[in-house]
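Encoded as structure tokens, the structure appears first; notes follow it.
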Amino acid sequence: MIETRRQFHHHPEIAWTEFLTTQTIVNRVRDLGFKTVVGKALFDTEHALGREPKVIEEAMQRSLKLGMNPQLLKELEGYTGCMAIWETGRPGPVTALRFDIDCVNVEENHDATNEANREGFDSECSGLMHACGHDAHAAMGLAVAHWIHDNADTLKGTIKLIFQPAEEGTKGAAGIAYSKNLDDVDYLVGGHIGVAAKLHEVAVIRSGFLATTKMNVTFTGVPAHAGAAAELGRNALMAACSAAMQIMGIARHGQGDTSVNIGTISAGEGRNVVPVHAKMELEVRGKNNEINRYMQETAERMIKGSAESYGVQYKIDIMGMATDIHSDEDLSDILEAEAKEVPTVQKVFDITSCTGSEDCSLLMQTVQKHGGKATFFYYGCNHHGHHKGNFEIQDTESMPEGFEIFVRMLQRLNSN
Ligand SMILES: [Zn+2]
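Written as structure tokens, this is what we have:
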């Protein structure tokens, strides 16, 4: 598990480009005797959000050069991730465990203060790093697969291991949530390393996370000579700026937390041309779906109004989404009790509100809508801050604890 995590860490892959990571996963679980769902079958492709065709195509070509099996690449149909299914042949519940697998756009610290550098497994891909620990998640999923194989006689029902791509930017889960792959799931357990849990701590997320929508907006105007005939132009740059100023000032919601960020604006062609193109990347968040919808709809109205003011066209693409989490109490109680049984775990605590976003929430929501139960937890590490170049997880100490909790949940829910 540790060695595999370090391999993933050495070669991180960003959202929707996790082809080599997926190859490792698919080969391992197939060797162990799991059935697999890969490619388009894993998703409702309409809801596979934030996919950038050029980035994906380049990643596929690069993967081939780096040893990707062409046949498997064809089988993946341009989609990363994998669901590994173990059928015990004995009646029992369907339990799904979720592990995300993508990296972050962060440059790793390549010096001796970084544990990955000291051990020689720091990122070989410039500008990319597993700075959120999803390398550990993926490797842990494979270790759980191995355990299932070795302990198959002790299990009943069906176990689905979801290796989800593209969690960063909350892009990947919606496609799986809207697919048919979770229809039969009775229990779903998701986890994340670090965050609010220090090394040897476990946090049970009873409720929390913010609902969020990620949007790309493009404005298209009309070019004109900026001096000689500015009146004939339609200014996309100004429409974007106007929208940005308004959106950052959306009135706050009285019923709960909100946040908004205009992350990027790029616009214009040249100093003396009325700008024709503008692109804006933004996100809104809210305490729950309703409050997030208020933020999203208000932002959309401001985008529309700004486009109208400046006489330009606009287009909004939804690039990612997540909802808030409400874990089921009884399943969370089981998780809490099991975490307390892990000998090296020193502290187990509840979290009832947190302000990040996590798209496992969409998978949980789907399972809960069908009458299934879901919960989410953190297994700790001393990380110095997620999405930073000095992020680290003390893998030899932290990962066995996360692994043991997942395994204990299977023993509780699917014991023969
Ligand atoms: Zn993460």
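Counting along the sequence shown from 1, when you hit position 389 you're at 389 in the numbering used here, and nothing is skipped either side. Every residue gets a Cβ at the ideal spot worked out from N, C-alpha and C, and that includes glycine.
Contact check, residue i vs residue j, beta carbons under 8 Å
{"i": "residue 154", "j": "residue 416", "result": "yes"}
{"i": "residue 163", "j": "residue 76", "result": "no"}
{"i": "residue 211", "j": "residue 403", "result": "no"}
{"i": "residue 318", "j": "residue 49", "result": "yes"}
{"i": "residue 188", "j": "residue 372", "result": "yes"}
{"i": "residue 363", "j": "residue 159", "result": "no"}
{"i": "residue 305", "j": "residue 294", "result": "no"}
{"i": "residue 359", "j": "residue 167", "result": "yes"}
{"i": "residue 379", "j": "residue 190", "result": "no"}
{"i": "residue 250", "j": "residue 262", "result": "no"}
{"i": "residue 240", "j": "residue 196", "result": "no"}
{"i": "residue 92", "j": "residue 157", "result": "yes"}
{"i": "residue 11", "j": "residue 124", "result": "yes"}
{"i": "residue 361", "j": "residue 322", "result": "yes"}
{"i": "residue 134", "j": "residue 186", "result": "no"}
{"i": "residue 8", "j": "residue 138", "result": "yes"}
{"i": "residue 203", "j": "residue 391", "result": "no"}
Beta-carbon separation (whole angstroms), residue i vs residue j, contact threshold 8 Å
{"i": "residue 114", "j": "residue 128", "result": "Their Cβ separation, rounded to whole angstroms, is 15 Å, which puts residue 114 and residue 128 out of contact at 8 Å."}
{"i": "residue 412", "j": "residue 334", "result": "6 Å"}
{"i": "residue 417", "j": "residue 28", "result": "The chain is shown only over 1 to 416; residue 417 falls outside these bounds and no answer can be derived."}
{"i": "residue 165", "j": "residue 80", "result": "4 Å"}
{"i": "residue 377", "j": "residue 265", "result": "At roughly 38 Å, the Cβ-Cβ gap does not stay under 8 Å, so residue 377 and residue 265 are not in contact."}
{"i": "residue 97", "j": "residue 161", "result": "6 Å"}
{"i": "residue 110", "j": "residue 122", "result": "6 Å"}
{"i": "residue 208", "j": "residue 351", "result": "6 Å"}
{"i": "residue 95", "j": "residue 414", "result": "5 Å"}
{"i": "residue 375", "j": "residue 328", "result": "6 Å"}
{"i": "residue 131", "j": "residue 387", "result": "5 Å"}
{"i": "residue 310", "j": "residue 242", "result": "7 Å"}
{"i": "residue 280", "j": "residue 244", "result": "6 Å"}
According to DSSP, residues forming a beta bridge with residue i
{"i": "residue 318", "result": "215"}
{"i": "residue 190", "result": "98 and 376"}
{"i": "residue 129", "result": "104"}
{"i": "residue 326", "result": "207"}
{"i": "residue 407", "result": "Note: residue 407 sits in no beta bridge, so no partner."}
{"i": "residue 285", "result": "212 and 259"}
{"i": "residue 351", "result": "205"}
{"i": "residue 35", "result": "85"}
{"i": "residue 313", "result": "220"}
{"i": "residue 417", "result": "The shown model of the chain, from 1 to 416, leaves out residue 417, and the question about it has no answer."}
Rounded straight-line distance, which links the Cα of residue j to that of residue i
{"i": "residue 381", "j": "residue 340", "result": "17 Å"}
{"i": "residue 16", "j": "residue 69", "result": "18 Å"}
{"i": "residue 369", "j": "residue 324", "result": "14 Å"}
{"i": "residue 218", "j": "residue 62", "result": "29 Å"}
{"i": "residue 399", "j": "residue 140", "result": "7 Å"}
{"i": "residue 78", "j": "residue 228", "result": "48 Å"}
{"i": "residue 119", "j": "residue 273", "result": "53 Å"}
{"i": "residue 289", "j": "residue 224", "result": "43 Å"}
{"i": "residue 291", "j": "residue 14", "result": "30 Å"}
{"i": "residue 21", "j": "residue 235", "result": "44 Å"}
{"i": "residue 85", "j": "residue 385", "result": "34 Å"}
{"i": "residue 83", "j": "residue 182", "result": "10 Å"}
{"i": "residue 330", "j": "residue 238", "result": "53 Å"}
{"i": "residue 298", "j": "residue 171", "result": "22 Å"}
{"i": "residue 59", "j": "residue 117", "result": "25 Å"}
{"i": "residue 174", "j": "residue 23", "result": "22 Å"}
{"i": "residue 345", "j": "residue 320", "result": "34 Å"}
{"i": "residue 148", "j": "residue 6", "result": "22 Å"}
{"i": "residue 232", "j": "residue 221", "result": "10 Å"}
{"i": "residue 136", "j": "residue 336", "result": "21 Å"}
{"i": "residue 357", "j": "residue 269", "result": "35 Å"}
{"i": "residue 419", "j": "residue 276", "result": "Because the chain in this structure spans residues 1 to 416, residue 419 falls outside the shown range and cannot be described."}
{"i": "residue 4", "j": "residue 312", "result": "51 Å"}
{"i": "residue 184", "j": "residue 47", "result": "20 Å"}
{"i": "residue 256", "j": "residue 2", "result": "41 Å"}
{"i": "residue 71", "j": "residue 355", "result": "42 Å"}
{"i": "residue 180", "j": "residue 40", "result": "12 Å"}
{"i": "residue 389", "j": "residue 126", "result": "12 Å"}
{"i": "residue 409", "j": "residue 343", "result": "16 Å"}
{"i": "residue 230", "j": "residue 38", "result": "53 Å"}
{"i": "residue 200", "j": "residue 332", "result": "19 Å"}
{"i": "residue 394", "j": "residue 303", "result": "45 Å"}
{"i": "residue 271", "j": "residue 283", "result": "29 Å"}
{"i": "residue 383", "j": "residue 226", "result": "51 Å"}
{"i": "residue 444", "j": "residue 405", "result": "Because the chain is modelled from 1 through 416, residue 444 falls outside the range shown and cannot be assessed."}
{"i": "residue 57", "j": "residue 74", "result": "12 Å"}
Kindly provide the ranges of any alpha helix (DSSP H) runs that are 4 or more residues long and lie completely inside the stretch 219 to 279, ordered along the chain. 236 to 247
Considering only residues of the stretch 145 to 173, which uninterrupted alpha helix (DSSP H) runs meet the minimum length of 4 residues and lie entirely inside it, listed in chain order? none
Just to confirm the assignment: which complete alpha helix (DSSP H) runs, minimum length 4, are found wholly within the stretch 61 to 121? 70 to 76 and 115 to 118
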